[in-house]
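**Q**
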Amino acid sequence: MIRPVLLIALPLFFAFLSPIIGIWSKKGVRYLIIFATALNATLAGILLLEALQKPVFDIIGGFQPPLGIVLMVGPLGAIIAFIINLVAFAISIYNLKVEKEPIVRYSMLYLLLVMGSTGMVLTGDLFNLFVFLEVTSIASYGLAAYNKDKKGYLGAMKYVIIGSIGSTFVLLGIALIYSQLRTLNMLDIAARIGTMDPYVKIMAFTSLFLGFGVEAEMFPLNTWVPDAYDGAPHPISAAFASLPAKAGVFALARVIFTMFSFTNFLWFVVVMGLLTVFFGEIVAYTQKDLKRMLAYSSIGQMGMIIMGLGIGTTLAVEGAFYQMIAHALGKALLFIAAGFLIYAARSGKIEDMKGMARNPLIGIPLLIGALSIMGMPPFAGFYGKFFILMGGFSQGYYAIIALFLAASIVEVAYYARFIKIVFERGNESKVIRPDAATYVPLIILAIIIVVIGVYPKPILTVLQHVGTFIAGGA
Amino acid sequence: MNENPLPSIIPDKEWKKIQRMLSKRSLWMIHFCTGCGAMEMPPVMTSRYDMERFGIIPMATPRQADLLLVTGYVATKTLKRIVRVYEQMQDPKYVIAFGSCPINGGIYWDSYNIIKRLDKYIPVDMYIAGCMPRPEAIMDAFLKLMKDIDEGKANGWMRYRKYYDQYRRNQMRIFKRWDE
Amino acid sequence: MVTDWLIHAGLVALYLFLAMVIGLLFMGIARKITARIQNRVGPPIYQNFLDLGKLLAKKTNIKHNWIFDFAPLFGLGGVLLILAYLPMGGYIMLSGQGDLILLLYILAIPALGFALGSGASGNPNAGVGVMRALTLMLSYEMPFLIVILSLMIFYNTASLSVLLQKQMNYLWGIAALPISALAADIALQGMMAEKPFDIPIAPHEIASGPLVEFGGKYLGLLMLYSAGSIVVETSLFVDLFLGGGIVLNPTVYGTLAYFVNYLVWLALIFVVWMIAIFVNAVFPRFRIEQAFKFYWKWPTVIAIAGLVQAYVMSVFLGVVP
Amino acid sequence: MDALTLFGIFVLLPLVGALVSYFGKKYAPIIAVIFTGISGIFLYLWYGNFGSYTIDIGVKLNLTFDITTWFFMLMMNTVIFSSLLFSVSSKLKRAGGFATLMLLGFAGANGVLLARDFLSLYLFWELMSWSIYLLVLRTSGEYARRYLLFGVLSAYLLIMGIGIIYYYTGSFLYADALSGAIPHAIWPWILTFLILGFGIKMAIVPFHVWAPYAYSSEQPFVAFLSGGLSKLGAFGIFMSMYSIAGISLLQSFGTFRGVSLMGYPFALLGAATAFIGTILAIFQDDIRKLLAYSSIGQLGYVMIGLGLGTPLAIGGAMFHAFNHAFFKSLLFLGAGAVIYRTGKYKISEMGGLGYRMPFTFMFVLFAIFALAGIPLTSGFISKWMLYEAAISRKFVIVAPLMLIASVGAYLYSYRILYGVFLGQLKDEDKNVKEAPGPMLAAMFILMVPLVIFSIVPGWILGWINKILVENGIGKLNYTTFSYSSAIGGANMAVFWIAFILLLIFAMLMFMAKKARVVDQYDNYLAGEAPPSVALHAAHNYYKPLRDTWAPLLKHSIDRAYEKFSKFFAGGFYEIKRIYTGNPQDYAAYLGIAFLAFLLVGWWLLW
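Protein chains in written order, with the working numbering: chain A, 20 to 493; chain B, 10 to 189; chain C, 47 to 367; chain D, 394 to 999.
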């Protein structure tokens, strides 16, 4: 029996421990992050097992809800938290490669990012959610500019602008809800949502939806994505795609299902999801820069998840959650691999990366990641996509699914282009061997992707609880 | 069937006779027109003289032909082609040299690149003298050759086989190289 | 049972032998007639027997390699096989055991063997010749296959023996489907590679094409092949459109019927052959692309008209032969 | 046998094999051969041991092992076995990866054949799709993407069909589709999506443009792709039309002379495919492309049979699929052997290899007999069935196209024979040796059924008949040696006896005298000396024909696709411009979005 609050407290503790360690060992700091994330992932795993029995409620500071802050961990939240921490652990191994100074602050911000994202997933209180969103955002702003070059600054600046507007929207939504309901506990809100003035309710929903949509990379709020991803250091790009984005979309799911149990508004979410997919994939096709391409692809994937949430049947939401997991793993893998490719090719352009992935240690995980993102079996991405599609069909969204599939073909087109270039023959002399800090996280992620793709039973067992989640439970 | 197919029924002598009869009645001809004289062939083939009544028809390739008709002078360069064509024909095969030039050089008797006697290089079974010989002469030659075949006298192909080395020596004196 | 089979086999052998003789004779007749048209005397009509004998009696034979042997082997064996599947004068031989489509594909066996052998000679003329032959085949098959299709649709059978039966009971194909018969005869000219479609052999252009390296007994056997082919092609037309020459019903008249039918069949294939020969004697040669264009234009249009006729008669008018 | 054994032998075993053989280095193909051999042995042992099973891996996979599955697995297994056997000696680069991907594709194919629910069908379909993509990527990287795009398009068309069924039935099982939940008017949509989806894998015109490029990869793989995997398309169409929908449902859409109006358009499409594929094959100089177009054409025949849907037609389609599996992979392997020995793949650059590689030549010759439909191989019988099926129902558009395409097949068949194996041997190929033992063994394995089933067609027709009876289509008319339709029939025993007797007769006449063997340069060329000129007349072989076709060949589906994709890519660049890079614009987007959301929300409320 562990308390969910540990998942938030421990990274915080390690984050502030790292300057102290940094005084005598810079290297130690790096290993400290690995240790912290590993510990966190383990705890999240244990928490998942507990949450499977029944949802865990952790009341902080002894104040009973609805007054006090409460952490509300259902099986779905637990598994997302677990995946977030797992990916954070894998990325932290890759962090060993980051050479930019000052490493101490970097580590601090990274752990704060982990902590914020985990918190967003675990919390059961709307204002607390906002707080964690802010923690995540601020850590992200810092990390996005970490390269201290023009690209990084510009990206971070855009991120700051959009992110803060988004946060303001969230705050607005919270204020609206609080003004009407006098409570911020999610379950409490859900119980009393019917008493809200409908116009205010819509406005609150819109505000929250947009606010979290910024983190969830929803169209047209995702404009910061390519620049921020492109400017950030490679591990951070990986982390962006996997940690805050997943936390954001989970928060979105909380808003949609836990708090406002809309039924007549959901098609709008589906349309937004479709637009996100459409613009993400189409613009990704036009990109010549690897990280930007992956960033846009990430937008597309998030759009698919939003679609899944919007479709709102058990199957589709199950798919959306599966897709969150798959995307967190797959996109992190691809960004790490992209980091290596950029390092090896000394350029961010795809066309310069000819044959750079011909080493199997990098090539096979890269392929697995790309195929998983494309939704190919037996990798993790398959089930998510298939369930979302089938969920869509079961609600009769034929045209939307058809358009979505068209966008998916575009996705396949640009991934295939990328794969073709990086596996092309004829540049053998320049191909370098990855070092352990690169391929170990890749292989860890790849193995997880394959395992949950070949044998999805464990994940699907957890995701069975989607029914209660949709109905407004934890 | 150069060997007797049914030795128990047909005596060998009879078989040879049959063979000669068949050869004579079905002379397939390839005419090698070196430079002149080809003009005399159309009347032979067409309705005026019609050589087909004797079973003589022009063939396009030496593999199918029994009779090589060399019309006109033979340059050293041409000779190689003639020899090649001759060697590609299948036994029994016959050669008719047409006109004065293959006999003794004709008006080219002192030319540096015209051979004087075709007979030195390939065995000739029948000569048609004249410059040019008329179609009647050609028809006559055909008939005489048929008669020779029937009597077993037209055996140049046997000579060529028997004295192959000498023929080849004569040829190589002209050619220097065989393969160009 | 066994004796029945043996008698049957013996009769088949007899028919095949006669077909070969007829083929060689037809070749001689064709030469004679062409000569007469050109105001020549021409060879005696038995000239081709002499030619065949001479070729088989040649002292030396050459071959290029083992694939070269495919030509005479498959050529002769295949043409005999086709003849065995063709009803000649009402005696159906094997054609009860295989239908028209099988026959169409057996037609390819000797041709393919011949093409293999000549290809193996390594002579470029042979390659060009086979190319022309195949292109010509693609050309004339277009109308010919449509014609066969209209026959099969009209008589509602793919079996030659049944087709003969139905023609005997109803109407000869040429009376029922005259348009198709016209198209078939034009196609036949190309099938027999007579002028203006003797493009594959074209002695003056490509040194007799596929035959260029064959001599002696190889050429002799191929001559038998082409003699057989003449009978095959003319007889195919006769079987398809002229009722196979069956004028007396064998079940009624017995052996006499076979005898009479054979003679009628012989007369009919002679007529078909003569048409081809007369056309042959007065035409120059097409180029291969001209032949292709020609066949895919007019004969095909005629054949399609025939097909429409057959289709309308059998489907809309409900004519059941 | 229980579910896990079945799944284990046919799907998991290849997957394990894939994993093991990756580390096998140069022994990888041998390991892979052993793994496929094992599942082949079980396939043989389990004939008749049919049943349905369910596997739970979190989602339920419904697998059925029945005669249809068995029949298709038989082709798949033989073809991959011989392809891998071939690759043992073909010295591939990174053989480990090759064997792994082949086995992955094999596992996927087996899965598709076993699947009786849409989820597992789609799962294995995609598994197969991407493993082929990677195999194509190994050599012809340029065009692998084209393959993948079409593979994904096929998968997505399937998804559309599956989704519509799922909307109405809420179940993925094939068996539930016919429960009556699906309205009658919806079925054409479902079938169109499914048939086109599967048809892409069969390279049906106009979805054939991936094939010529994908088929230019490593030959052992292409043999499996063309011979084995393309049959999954035929299997899928068969299942969707005659097992999922069923013949009575198809007939209920109205019939055209006994053929469902749902099937007839696809038969027409098949006929067009057969014709176009054949015509394009005639003009190819690259042997791999020639075979690819030929493959397109031949699969058109299968499509015709499946579309016509009479027992004879479907039987013919099955038989033709079977034949095609064997002869086309044999041809690709033969081409592979030649390419392996000479390193050339242009027909005009080869020539005379039949004298140096006699066994390869013989095997390829038999494959060509089957391809051209010469009755010496079973290739004839399947074509015969298709023709009779079309003719007996008086289809005057399908039948002529089929027949003329078959004549076209002679043209390109001879081009292979002449260009590669006959004609004059090039000087640089003087020392070419016969293909190595494993290659010959592989080709021999593929040749045997073609001959056996020509002599004894009753055996294979028995299996096909069982398939037809089990799916309620009807039955075939056959005995051990003969077969017949409403309008005709043939007896192969009589044919073979007559053929052998007459051939012996011809041989007796022929063998009476010995012939002298002469050199290939001792050739009549008007007395010219041959070595000085290139004498292999294989370059631009059908030039006259090409000239006459030129006005039509100008139009190319390939180019149409390229234009189409260029048009879209151009549009994508326009769309990209909404990401201006200017934060002020971005902030404005946010505001607009907020307003829009709010208004839409309020409007909805109102």
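C-beta atoms are modelled at their ideal positions from N, C-alpha and C, and glycine is treated no differently.
Since we're looking at a predicted model, the values are computed, not measured.
If you measure from the beta carbon of GLY816 (chain D) to each beta carbon in chain B, is any gap under 8 Å?
**A** Here residue 816 (chain D) corresponds to residue number 423 of the fourth sequence, with the count starting at 1. It does not; no Cβ of chain B falls within 8 Å.
**Q** Out of D:PRO831, D:LEU810, D:PHE600 and D:LYS868, state which residue places its alpha-carbon closest to the alpha-carbon of GLY709 (chain D).
**A** Here residue 709 (chain D) refers to the residue found at position 316 when the fourth sequence is read from its first residue. Out of D:PRO831, D:LEU810, D:PHE600 and D:LYS868, D:LYS868 has the C-alpha closest to the C-alpha of GLY709 (chain D).
**Q** What residue range is occupied by the uninterrupted alpha helix (DSSP H) comprising ASN166 (chain A)?
**A** Counting from 1 along the first sequence, the entry for residue 166 (chain A) is found at position 147. Note, ASN166 (chain A): premise wrong, no alpha helix (DSSP H); not H, not E.
**Q** Going straight from the alpha carbon of THR142 (chain A) to that of ILE79 (chain A), what length do you get?
**A** Translated into positions along the first sequence, residue 142 (chain A) becomes position 123. Translated into positions along the first sequence, residue 79 (chain A) becomes position 60. Their Cα atoms are separated by approximately 11 Å.
**Q** Applying the criterion that 16 or more other CB atoms from any shown protein chain within 10 Å of the CB defines a buried residue, is LEU302 (chain C) buried or exposed?
**A** Here residue 302 (chain C) refers to the residue found at position 256 when the third sequence is read from its first residue. With fewer than 16 Cβ atoms within 10 Å of its Cβ, LEU302 (chain C) is classed as exposed.
**Q** Measuring CA to CA, which of D:LYS682, D:TRP463, D:GLY451 and D:LYS721 is closest to ASN442 (chain D)?
**A** As a first step, residue 442 (chain D) is located in the fourth sequence; it is residue number 49 there, counting from the start. The option with the nearest alpha carbon to ASN442 (chain D) is D:TRP463.
**Q** Write down the C-beta distance between ALA763 (chain D) and SER771 (chain D) rounded to the nearest angstrom, noting that I regard them as a contact closer than 8 Å.
**A** Here residue 763 (chain D) corresponds to residue number 370 of the fourth sequence, with the count starting at 1. Here residue 771 (chain D) corresponds to residue number 378 of the fourth sequence, with the count starting at 1. 7 Å between Cβ atoms; contact.
**Q** Could you give the C-beta distance for LEU467 (chain D) and MET495 (chain D), rounded to a whole number, given that I count them as a contact under 8 Å?
**A** As a first step, residue 467 (chain D) must be located in the fourth sequence, where it is residue number 74. As a first step, residue 495 (chain D) must be located in the fourth sequence, where it is residue number 102. About 18 Å separates the two Cβ atoms, so there is no contact after all.
**Q** Candidates A:LYS45, A:ALA347 and A:ALA100: which alpha carbon is nearest MET127 (chain A)'s?
**A** As a first step, residue 127 (chain A) is located in the first sequence; it is residue number 108 there, counting from the start. Of A:LYS45, A:ALA347 and A:ALA100, the residue nearest in Cα terms is A:LYS45.
**Q** Whose Cβ in chain D lies nearer than 8 Å to the Cβ of THR80 (chain B)?
**A** Within the second sequence, the letter at position 71 stands for residue 80 (chain B). Neighbours of THR80 (chain B) on chain D: none; closest Cβ ~15 Å, over 8 Å.
**Q** Residues of chain B with CB under 7 Å from ASP912 (chain D), in chain order?
**A** Position 519 of the fourth sequence, counted from the start, is the residue given in the question as residue 912 (chain D). Those do not exist, as ASP912 (chain D) stays about 12 Å from chain B at its closest Cβ, beyond 7 Å.
**Q** What are the residues that DSSP puts in a beta bridge with LEU456 (chain D)?
**A** As a working mapping, residue 456 (chain D) is identified with position 63 in the fourth sequence. The partner list for LEU456 (chain D) (beta bridge, DSSP) reads D:TYR446 and D:ALA508.
**Q** Any beta-carbon of chain A closer than 8 Å to the one on LYS419 (chain D)?
**A** Working through the fourth sequence from its first residue, we reach residue 419 (chain D) at position 26. Not an interface residue.
**Q** Starting from LEU314 (chain C), find everything on chain B with Cβ-Cβ shorter than 9 Å and list it in chain order.
**A** Translated into the one-based positions of the third sequence, residue 314 (chain C) becomes position 268. For the C-beta of LEU314 (chain C), not a single chain B residue is nearer than 9 Å; the gap to the nearest is close to 28 Å.
**Q** Considering only DSSP beta bridges, list what GLY144 (chain C) is partnered with.
**A** The residue labelled residue 144 (chain C) in the question sits at position 98 within the third sequence. Answer is D:ALA883.
**Q** Tell me whether the beta-carbon of GLY556 (chain D) lies closer than 8 Å to the beta-carbon of MET409 (chain A).
**A** For the purposes of this step, residue 556 (chain D) is identified with residue 163 of the fourth sequence, where counting begins at 1. For the purposes of this step, residue 409 (chain A) is identified with residue 390 of the first sequence, where counting begins at 1. Cβ atoms of GLY556 (chain D) and MET409 (chain A): closer than 8 Å.
**Q** Determine the chain A residues that contact TRP603 (chain D) at a beta-carbon separation under 9 Å, and present them in chain order.
**A** Sequence index remark: in the fourth sequence, residue 603 (chain D) carries index 210 (1-based). What TRP603 (chain D) touches in chain A: nothing, since even the nearest Cβ is about 12 Å away.
**Q** What's the C-alpha gap between VAL325 (chain C) and MET237 (chain C)?
**A** Looking up residue 325 (chain C) in the third sequence gives position 279. Looking up residue 237 (chain C) in the third sequence gives position 191. Using only the alpha carbons, I get a separation of about 14 Å.
**Q** Is it right to say LYS823 (chain D) is buried, meaning 16 or more other beta carbons lie within 10 angstroms of its own, or is it exposed?
**A** For the purposes of this step, residue 823 (chain D) is identified with residue 430 of the fourth sequence, where counting begins at 1. Looking at its Cβ environment, which holds fewer than 16 other Cβ atoms inside 10 Å, LYS823 (chain D) is exposed.
**Q** Checking 8 Å against the spacing of the C-beta atoms, do ASP134 (chain B) and LYS104 (chain C) come in under that value?
**A** On the second sequence, position 125 is the one that residue 134 (chain B) refers to. On the third sequence, position 58 is the one that residue 104 (chain C) refers to. No.
**Q** Consider the Cβ of ASP915 (chain D): report whether some Cβ of chain B lies at a distance smaller than 8 Å.
**A** Translated into positions along the fourth sequence, residue 915 (chain D) becomes position 522. It does: the Cβ of ASP915 (chain D) has a partner Cβ on chain B nearer than 8 Å.
**Q** In the DSSP output, what is PRO67 (chain B) paired with across the bridge?
**A** The residue labelled residue 67 (chain B) in the question sits at position 58 within the second sequence. Answer by DSSP bridge pairing, in chain order: B:MET38.
**Q** Express the C-alpha separation of LEU262 (chain A) and THR56 (chain A) in angstroms, rounding to a whole number.
**A** Locating residue 56 (chain A) in the first sequence gives position 37, counting from the first residue. Locating residue 262 (chain A) in the first sequence gives position 243, counting from the first residue. Taking the straight line joining both Cα atoms gives about 12 Å.
**Q** Going along the chain, which residues of its own chain have a beta-carbon closer than 6 Å to the beta-carbon of ALA84 (chain B), five neighbours each way excluded?
**A** The count along the second sequence starts at 1 and reaches residue 84 (chain B) at position 75. Non-local beta-carbon contacts of ALA84 (chain B) in its own chain, meaning distances under 6 Å to residues more than five positions away in sequence, involve ASN122 and ILE123 in chain order.
**Q** In terms of alpha-carbon separation, which member of B:TYR169, B:PHE107 and B:LYS86 lies closest to CYS129 (chain B)?
**A** The residue you call residue 129 (chain B) lines up with position 120 of the second sequence. Per the sequence shown, residue 129 (chain B) should be read as Lys rather than Cys. Closest by alpha carbon: B:TYR169.
**Q** To the nearest angstrom, report how far apart TYR807 (chain D) and ILE83 (chain C) are at their CA atoms.
**A** Within the fourth sequence, the letter at position 414 stands for residue 807 (chain D). Within the third sequence, the letter at position 37 stands for residue 83 (chain C). TYR807 (chain D) and ILE83 (chain C): Cα-Cα distance of roughly 38 Å.
**Q** Going by DSSP, which residues form a beta bridge with ASN204 (chain A)?
**A** Locating residue 204 (chain A) in the first sequence gives position 185, counting from the first residue. Residue pairing for ASN204 (chain A): DSSP places it in a beta bridge opposite A:ASP144.
**Q** Closer than 7 Å, Cβ to Cβ, to anything on chain D: give me those residues from the stretch 199 to 214 of chain C, in chain order.
**A** Listed by position, the residues of the stretch 199 to 214 of chain C near chain D (Cβ gap below 7 Å) are ILE199, ASN202, THR203, ALA204 and SER205.
**Q** Which one of B:GLY115, B:ARG186, B:ARG143 and B:GLU160 has the shortest CA to CA distance from MET30 (chain B)?
**A** Position 21 of the second sequence, counting from 1, holds the residue named residue 30 (chain B). With distances taken between Cα atoms, MET30 (chain B) lies closest to B:GLU160.
**Q** Just the chain B side, please: which residues come within less than 9 Å of GLY920 (chain D) by C-beta, in chain order?
**A** For the purposes of this step, residue 920 (chain D) is identified with residue 527 of the fourth sequence, where counting begins at 1. PHE41, PRO71, THR87, LYS89, ARG90, ILE91, VAL92, ARG93, VAL94 and GLN97, listed in chain order.
**Q** Pull up the DSSP beta-bridge partners for LYS109 (chain C), would you.
**A** As a position in the third sequence, residue 109 (chain C) is number 63, starting the count at 1. Answer is D:VAL910.
**Q** Output, in chain order, the set of chain B residues within a Cβ distance shorter than 8 Å of ALA253 (chain C).
**A** Here residue 253 (chain C) corresponds to residue number 207 of the third sequence, with the count starting at 1. In chain order: ALA69 and THR70.
**Q** If you run the structure through DSSP and keep just helix, strand and coil, what is TYR918 (chain D)?
**A** Within the fourth sequence, the letter at position 525 stands for residue 918 (chain D). It is Leu, not Tyr, that sits at residue 918 (chain D) in the sequence shown. Here LEU918 (chain D) sits in coil by DSSP.
**Q** Strictly by DSSP, which residues pair up with THR648 (chain D)?
**A** Within the fourth sequence, the letter at position 255 stands for residue 648 (chain D). According to DSSP, which records beta bridges pairwise, THR648 (chain D) is partnered with D:SER653.
**Q** Below 7 Å CB to CB, which residues in the same chain sit around ILE252 (chain C) once its five sequence neighbours on both sides are set aside?
**A** Translated into positions along the third sequence, residue 252 (chain C) becomes position 206. ASN171, VAL174 and GLY175.
**Q** Where LEU129 (chain C) and THR398 (chain D) are concerned, what is the direct C-alpha to C-alpha distance, given to the nearest angstrom?
**A** By one-based count along the third sequence, residue 129 (chain C) stands at place 83. By one-based count along the fourth sequence, residue 398 (chain D) stands at place 5. Spanning the two alpha carbons is a distance of roughly 56 Å.
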